[in-house]
Amino acid sequence: MEAPSTMSQSPMFQAANQLWEKQDGRYVCLERHPMVLSAITCGKCFASKQALEAHRQRTGCKPAKLPSERPFSRLHGLNPDAARHVLQQSNHEAVSKYRRTAAGERAVFRARHLPKYREMALYAVPKPPMPAAPQYLPPPISWLLADASLTAEDMRAKFGRGEIKLSHATWSLKFHPDKVEALAPSVIEPRGPRGIKEEIEYLASLGYYGIPANVSLKSNGKKGVRLPVWEHIKTPEIWKESICGILKRFANPNGIAILTGPSGLYVVDVDVGGSDKKTPGTCLWNKLVAKNGKLDTLQSITGSGGRHVYFRMDQTVGLKMLNNFEGLTVDGVSYAVDGRGIGGVIFAPPTAYSANIKLLQYRWVSEPVQFEKGDVKGMAGWLVNVINNGRAGQVKPRLADVLHTTIESDAQVEDLEPTDNERVSSTNEAVDFSPDSIAVVEVKEMLRKQSPDDATAIYGGSTTLSNGNRSFQFRVKKARNCYLGSNHNGSNNFTGIQGCAGDFQELYYRCFGTSCAGQNTKLLGRLSIAAALEQVGVREFGIRDGVVSCPSTLSARLPHPFLKAMVGKSDWGAASIFAKLFEHDRRIVYDAGIFWTWNGTSWVQCDLDATDIKSAFMFHMGRVKAYWLKHLLTLCNEELDVANMTKTAELERLQAAQETADSRETKRKAKNEEKAILKAFQQGKDDAEKSVKL
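With our numbering, letter number 365 in the sequence shown gets 370, and the count goes up by one each step, no holes.
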């Protein structure tokens, strides 16, 4: 079926009917308008077809709208089947034309050979073999078998339901469930019925005071130990005040460290391992026990297989070394036997840590784990003689109150975490020996950049002073050129002091060398806000904390010249006074448009309106205002007293002059002078009262 010709419907056909024509791009009307009584055509020219159509509508021509100038589609007037046939023919022509091009030839080749390529790819690479069951490895910890209540059948059932999540070292049990029965009695040992916190509380009820610890095994075979700051705990009373904060802040404990000094204990640590200089302590211990008999006192087995023997210090007679010692020499042979007394800590059950794939756990020798206070006895006389002769024969008896600085000999302190530091002293707060804290890392980096000779110094801890400044102590035992430019030889120290110039982020350098004595501090650098706020006090921020704005605190933190300069500066002065109040303990921080407050354990972001800060500001500024008014009133009364005394003296002088004067003129002058004195006194009194009101 052929498409009908569109010639009769084209614009040229319309123009041939003498309705309009196009000349030089303009449209000319050739209509004889019915509204115009004329026999000739219109002949008007228009710039556009739309203008011509509007003209035809005004003159009443029918139709007013002219047909389109575009040619009709080749599908115009065709039924759907005929139109579809025309399109198919057109597509076939386009495809044939594309196939004759180079790109079309490549596309046809790929399409024809694609199935063959897929089949070749399947057989080119063989299927990977299924992996064999992994070799059985015993688990490093007891996880679900800690209570030793699961049988092999229970294990298989739990594996099938997916209730057991295995680590990289224990997942082989899924392929070897038959190993469970052999595993339970040999490696997995039952732990006590209490957790770390409950065990610490239970030991304290018996008079043995412990702290949480995190123990791990280092690559050199030593125990890596993380402990809270405990050097200030020297008595049971201090322990009771500090333990709540320690337990609240210490994360992930897996053991207990008993403080032997406050607990009144002396513990003999018998190590199973030796060294080039020391023979294993178990060799000596087995000989002594075989010769003198077993000791009827509390004992525990360490994770490495050694032994801790507990004795009560108040029931031990004749022991010369009440502090700590390392190594015991008997008959010229040095043994790995240590002592922990005043100034020591000892790990106790249920401490447990992983060594490769084995669980190393401390356990009491006498089961069950619950024991009574009477189980710890005094040290036997024969053991006292061995220790006195082997280690402390030439030492006088002593009960020195020393720092707790000694742990087990096969342990290395990795980190000590800060705790309740306000309990230590009335002047200086507790020393934080953590070498990896944010502030310590930044201080060491400053020394490395500013003073390379000082960068090799030994960090000795940091102290928060009574004025809120923080001091970082460093020890040097060699020649150096300090940051102040002086040369020093031998042992000398230097410190970095935070906030001594008012800005709590600034760190200043002070050297204690002989040639630097008396020199001023020098700015070393600026701490980040995280490092500067690391040692914030434990007392939380309170809206109505009266300690901050009590009279004694205000007199110490707000000098009168500072207050006098700030009270006349409106809002800025009030804000400066408020900031000065909290500058010491730093429990309010403004950073990047946000207020943060200290809640005793962490920083809390205030709401957008800072409602708590506004309330605290109103409360404390009201107390500051009352304090300052009282001070001004005191000054005013003092000035009035002085002015009153001056007035009285002047009036007495004038009265005496009047009595001795003969002429009336002299008396009149004296009277006028008296009035001037009274007027000046009244003016001074009014000025003083006005200043108080302002």
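Just so it is clear, CB atoms sit at the ideal spot from N, CA and C, and this is done for glycine as well.
Just the Cα atoms here: how many angstroms apart are residue i and residue j?
i    : j    : result
H565 : G466 : 36 Å
G215 : I443 : 28 Å
G349 : L264 : 6 Å
K325 : N393 : 6 Å
A153 : D459 : Below a pLDDT of 50, predicted positions are generally treated as unreliable, and A153, at 41, falls in that range; the measurement from the model is reported next regardless. Whole-angstrom Cα-Cα distance: 56 Å.
G323 : Y271 : 13 Å
C249 : L208 : 15 Å
A385 : T321 : 8 Å
P258 : D281 : 33 Å
P68  : C50  : 18 Å
K585 : S557 : 15 Å
G65  : P39  : 7 Å
M650 : H636 : 21 Å
M12  : A112 : Only weak support exists for where M12 lies, its pLDDT of 40 falling under 50; the coordinates are left without a value.
Y358 : A256 : 15 Å
M571 : G578 : 4 Å
D425 : E242 : Only weak support exists for where D425 lies, its pLDDT of 34 falling under 50; the value from the coordinates is given anyway. Distance between the alpha carbons of D425 and E242 is about 14 Å.
V429 : A685 : Note on V429: pLDDT 33, under 50, position unreliable in the model; the coordinate value appears next. Answer to the nearest angstrom: the Cα atoms are 58 Å apart.
E331 : V389 : 15 Å
E422 : K619 : Per-residue confidence for E422 stands at a pLDDT of 43, beneath the threshold of 50, marking its modelled position as unreliable; the derived number appears in the next sentence. Near 34 Å, if we compare the C-alpha coordinates of K619 and E422.
P267 : D336 : 33 Å
K569 : I593 : 24 Å
P72  : E36  : 15 Å
A56  : S78  : 26 Å
N96  : P120 : 26 Å
K70  : W25  : 12 Å
S210 : G310 : 28 Å
K734 : H81  : No answer is possible for residue 734: the residues shown for the chain start at 6 and end at 699.
F180 : W290 : In this prediction, F180 scores a pLDDT of 49, lower than 50, which makes its location untrustworthy; the coordinate-derived value is nonetheless stated afterwards. Taking the straight line joining both Cα atoms gives about 44 Å.
Check whether the Cβ atoms of residue i and residue j sit closer than 7 Å, and answer yes or no.
i    : j    : result
R345 : N329 : yes
Y488 : G501 : no
G279 : A360 : no
V273 : V314 : yes
V381 : L300 : no
C521 : S560 : no
Y213 : T307 : no
P217 : I201 : yes
S456 : W369 : no
V220 : T356 : yes
T287 : V338 : no
L659 : E678 : yes
L333 : G395 : yes
C611 : F600 : yes
A262 : F352 : yes
T616 : V609 : no
W235 : N297 : no
R628 : S581 : no
Can you tell me whether DSSP reads residue i as helix, strand or coil?
i    : result
Y213 : coil
E98  : helix
S268 : helix
D336 : coil
A576 : In the sequence under discussion, the amino acid at residue 576 is Asp, which differs from the Ala named in the question. It is helical.
R104 : helix
Y514 : strand
E233 : It is worth fixing the name first, because residue 233 is Pro in this sequence and not Glu. Looking at P233 - three-state DSSP - the assignment turns out to be strand.
A238 : The question names Ala, yet the displayed sequence has Ile at residue 238. Here I238 sits in coil by DSSP.
V113 : helix
A681 : helix
F509 : coil
L171 : Bear in mind that the predicted position of L171 carries a pLDDT of just 47, short of 50, making it unreliable; the figure below should be weighed with that in mind. Coil at L171, not helix or strand.
R123 : helix
V370 : coil
List the whole-angstrom C-beta distance separating residue i from residue j, where the pair is believed to meet the contact cut-off of C-beta under 8 Å.
i    : j    : result
G269 : R317 : 6 Å
F622 : F583 : 6 Å
A536 : E447 : 5 Å
R475 : N498 : Not quite, the Cβ-Cβ distance comes to about 16 Å (not below 8 Å), so this is no contact.
R31  : A52  : 6 Å
L532 : Q510 : 5 Å
G530 : H493 : G530 to H493, Cβ: 21 Å. No contact.
Beta-carbon of residue i versus every beta-carbon of chain C: anything under 7 Å?
i   : result
A59 : The question asks about chain C, but that chain is absent: this structure has only one protein chain.
For this session: Quick one: which unbroken beta strand (DSSP E) runs of 3-plus residues sit fully inside the stretch 465-503? Chain order, please.
Result: 475-482 and 496-503
Problem set entry | Inside the stretch 249-312 only - beta strand (DSSP E) runs reaching at least 3 residues | 260-264, 270-275 and 304-306
Exercise. Can you give, in chain order, each stretch of the alpha helix (DSSP H) that sits fully within the stretch 32-92 and has at least 4 residues?
Worked result: 54-63
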